[in-house]
Every structure is written in structure tokens, then in C-alpha cells.
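Going by our numbering, the first sequence runs without a break in its numbering and finishes at 281. Think of the CB as a built atom: it goes at the ideal place given N, C-alpha and C, for glycine as much as any other residue. Bear in mind that the values here come from a model prediction, so they are computed numbers and not experimental data. Let me begin by presenting the structure, written as C-alpha cells, before commenting on it.
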Amino acid sequence: MPELPEVETTRRGIEPHLKNRIIQDIIVRQPSLRWLVPEHMASKYPGQKIIGVIRRGKYLLIQTSSKDHINATILIHLGMSGSLRILEQRDLPGKHDHIDILLDNNKLLRFHDPRRFGAFLDCPADEPLSHKLLAKLGPEPLSDDFSGEYLYQRSRNRTLSIKSFIMDSHVVVGLGNIYATETLFEAGIHPTLAAGKISRKRYASVVLQAKKIIDNAIQQGGTTLRDFVNVSGKPGYFKQQLKVYGRENQPCIYCQTLIRRLKQNQRSSWYCPQCQH
DNA sequence: CAACCGCCCTGGGAGC
DNA sequence: TGCTCCCAGGGCGGTT
């Protein structure tokens, strides 16, 4: 489920419930996620106070602090199928509810992840963002660092496709398959074009559309926020206005040409053969 | 270095 | 109903 807007929606949903709470316990039922959940986390974190939840790309960082002013940070990635919910401690765990962080108000944060591509890790104490998984990430898509000029410069001499290029988190974070597909559709760019051959002008369009789409999706994520955190645990992709993603053989909303699908690096791309070239 | 490909998993849906 | 196959929101790590 989670692309960047869903992760940001999750962050906004859980932070008010977590901030200033003391962690009572961490219960790990299934440590085999993308990487093994470190054993020491269950002993390190109880007693720590949560001071904030920040996001970097699709990673969430739960920052804590103890009486001795020792800071620590839990690093969470939701992978393909992960979700986080605030529940009561009396709510029994179900299938795929792998980790609970127990809070000091009879609530808990529950990590659910059927496919187990997610991650639950510990950051280096001194500088959490120096974690190996975070250190080389590209700029945030909504930041000023993500500009047409930046993409243009980074892409010179690159032969891979524009689709693969903008989905590379070391280039820019947060453009997953859905939003990369939608971005190229709105920018009118065929997904197989070589990244290194695309003009400044077209990259300016890519950036403009990506920002628009992600910003809009975050706004919409807000509408499903309550459900996401408290009840169903299902973010509403159905509520999103997807213009090309998943629409194979349906008419393009601009020109009525039938949308086509192709495979790039084992991921589907949908595109309009008329509008995107 | 850059590019590509396999793979970590479970579950849902289509087709037979 | 049940089997098999394909597909899915990610992205690391090994190989060429």
C-alpha cells in the first residue's frame, strides 16, 4: 500500500498518539522481516519517551529520549504491504501483526505486514539519518532541491529508462510505481525513453507534475486518515484519482486512445501511446 | 560505476 | 471447490 503519501498519512495519523508517551514494552512476534528485527530493541526502548515521528522518503523514524538524555531512533519501512495502527492493548493481535510498541496509556502501535518486506530497525544513536539505508537517499519530492535542473543534471549520460530513473530512491525518494506512472502520463513522456536524452524543459514538467500529484495525494490521504489509524487499517487507494495506472485497454482521459501496458524491470507501466512520446 | 535481475513473502483474482 | 498461474504499493544485493 504505501507510497510516500500513504507513509506521510501514516506519520500524521500516529504522531499525535505517540508524542510524549513512554514506551512500556516492544513485543516482537515475528522478527523475520526484510531484515531480522534486532533482538536488543525489546530491551533498549522500554522507558524511553517518544519525542517525535519524522519521515524520510518512505521511512518513518520514531525518535525517543531517556532521562539520561540518551536519544534513540526506531526506523520503520512498510515495504509493499505494511501498515501501522494505534489500538487498545486489549485488542488481540491477528495474523501478520508482527510487532507491538506498548505505550503508557493502555494503547499500542501495531505493525502489520503480510508480505514481510517491511523493516523495523535501530538507528545509530549520534546521527539517525546516517543509517546505511538513509544516507544516500535523494531529495524529498516536495522540497526545492527536487527541481528540473537537478533531474536534468543527474540524468546526463544515463541510458536507463526515465521510468526507472525517477523510481530510483537515490535520485528522488517517494516516486513509487503508481506515482511515477501517473507523473509520466501527465508530463506526456513515454516511460521507455532514455533518461539521459530528455530535455531540461521536459524534466521541468516531470518535476511540476510529480509535485502536484504527490501533494494532491497527501491531501486525499488526509480524508482517509481516521479510518486508517483507528478502524480498517486500509488506506483508500480507491479514493485516488488514478488517470492511467491500472487502466489497460481503457480510453485515455484526454484523447480516448486505449491505454497500453508494458513491463519494465518486472514492474508494470501504463501509458497512452498517443499522448506520451 | 551503471544496468539488470533475482529475490525476500503472502494473498487475491482469473482461468481451468 | 480447488489447483495453478499471474500479479501486487519496494528496493536491496549480487552479477555482469
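beta-carbon residue i near the ligand MG non-hydrogen atom, thresh 7 Å
{"i": "residue 16", "result": "In the structure on display, the ligand MG does not appear, and there are no ligands present to speak of."}
Whole-number beta carbon distance between residue j and residue i, since they are thought to touch under 8 Å
{"i": "residue 11", "j": "residue 89", "result": "Actually they do not touch by this definition, with Cβ atoms about 14 Å apart."}
{"i": "residue 198", "j": "residue 163", "result": "5 Å"}
{"i": "residue 262", "j": "residue 255", "result": "6 Å"}
{"i": "residue 15", "j": "residue 109", "result": "Wrong, their Cβ atoms sit about 20 Å apart, outside the cutoff."}
{"i": "residue 22", "j": "residue 57", "result": "6 Å"}
{"i": "residue 76", "j": "residue 129", "result": "6 Å"}
Whole-angstrom distance between residue j and residue i, CA atom to CA atom
{"i": "residue 258", "j": "residue 281", "result": "15 Å"}
{"i": "residue 36", "j": "residue 120", "result": "7 Å"}
{"i": "residue 42", "j": "residue 126", "result": "7 Å"}
{"i": "residue 229", "j": "residue 63", "result": "Residue placement at residue 229 is flagged as unreliable, the pLDDT there being 42, under the threshold of 50; a coordinate-derived value is accordingly withheld."}
{"i": "residue 30", "j": "residue 131", "result": "23 Å"}
{"i": "residue 115", "j": "residue 123", "result": "10 Å"}
{"i": "residue 53", "j": "residue 194", "result": "49 Å"}
{"i": "residue 185", "j": "residue 207", "result": "15 Å"}
{"i": "residue 276", "j": "residue 187", "result": "12 Å"}
{"i": "residue 51", "j": "residue 111", "result": "15 Å"}
{"i": "residue 274", "j": "residue 248", "result": "6 Å"}
{"i": "residue 18", "j": "residue 27", "result": "14 Å"}
{"i": "residue 20", "j": "residue 85", "result": "23 Å"}
{"i": "residue 179", "j": "residue 221", "result": "12 Å"}
{"i": "residue 7", "j": "residue 219", "result": "12 Å"}
{"i": "residue 83", "j": "residue 278", "result": "34 Å"}
{"i": "residue 235", "j": "residue 103", "result": "Because the pLDDT of residue 235 is 42, which lies under 50, any placement of that residue in the model is unreliable, and the number read from its coordinates should be weighed accordingly. Rounded to the nearest angstrom, the two C-alpha atoms are 18 Å apart."}
{"i": "residue 212", "j": "residue 159", "result": "17 Å"}
{"i": "residue 33", "j": "residue 134", "result": "28 Å"}
{"i": "residue 214", "j": "residue 61", "result": "14 Å"}
{"i": "residue 49", "j": "residue 253", "result": "51 Å"}
{"i": "residue 264", "j": "residue 250", "result": "9 Å"}
{"i": "residue 231", "j": "residue 161", "result": "Because the pLDDT of residue 231 is 45, which lies under 50, any placement of that residue in the model is unreliable, and the number read from its coordinates should be weighed accordingly. In a straight line, the C-alpha of residue 231 is about 46 Å away from that of residue 161."}
{"i": "residue 69", "j": "residue 147", "result": "28 Å"}
{"i": "residue 100", "j": "residue 91", "result": "15 Å"}
{"i": "residue 176", "j": "residue 150", "result": "7 Å"}
{"i": "residue 113", "j": "residue 172", "result": "30 Å"}
{"i": "residue 189", "j": "residue 216", "result": "13 Å"}
{"i": "residue 318", "j": "residue 183", "result": "Outside the shown range of the chain (5 to 281) lies residue 318, about which nothing can therefore be said."}
{"i": "residue 44", "j": "residue 79", "result": "14 Å"}
{"i": "residue 209", "j": "residue 136", "result": "32 Å"}
{"i": "residue 13", "j": "residue 181", "result": "18 Å"}
{"i": "residue 38", "j": "residue 196", "result": "30 Å"}
Cβ-based burial, residue i [other Cβ within 10 Å; buried from 16]
{"i": "residue 65", "result": "buried"}
{"i": "residue 9", "result": "buried"}
{"i": "residue 40", "result": "exposed"}
{"i": "residue 74", "result": "exposed"}
{"i": "residue 72", "result": "exposed"}
{"i": "residue 139", "result": "exposed"}
{"i": "residue 225", "result": "buried"}
{"i": "residue 117", "result": "buried"}
{"i": "residue 87", "result": "buried"}
{"i": "residue 81", "result": "buried"}
{"i": "residue 223", "result": "exposed"}
{"i": "residue 67", "result": "buried"}
Quiz prompt | alpha helix (DSSP H) runs contained entirely in the stretch 65-144, provided each spans 4 or more residues | solution = none
Practice problem: Specify whether the stretch 160-176 and the stretch 257-275 touch according to this definition: at least 3 beta carbon pairs, one from each stretch, less than 8 Å apart. | Solution: yes
Quiz item: Are the stretch 152-160 and the stretch 191-203 touching by the rule of at least three beta carbon pairs closer than 8 Å?
Solution: yes
Quiz item: For the stretch 138-147 against the stretch 92-108, are there 3 or more C-beta pairs whose distance is under 8 Å?
Solution: no
Quiz item: In chain order, which alpha helix (DSSP H) runs of at least 4 residues are fully inside the stretch 176-228?
Solution: 181-191, 204-227
Quiz item: Considering only residues of the stretch 7-61, which uninterrupted beta strand (DSSP E) runs meet the minimum length of 3 residues and lie entirely inside it, listed in chain order?
Solution: 27-32, 53-60
Self-check item: Within the stretch 245-280, ranges of the alpha helix (DSSP H) (whole runs, at least 4 residues)
Solution: none
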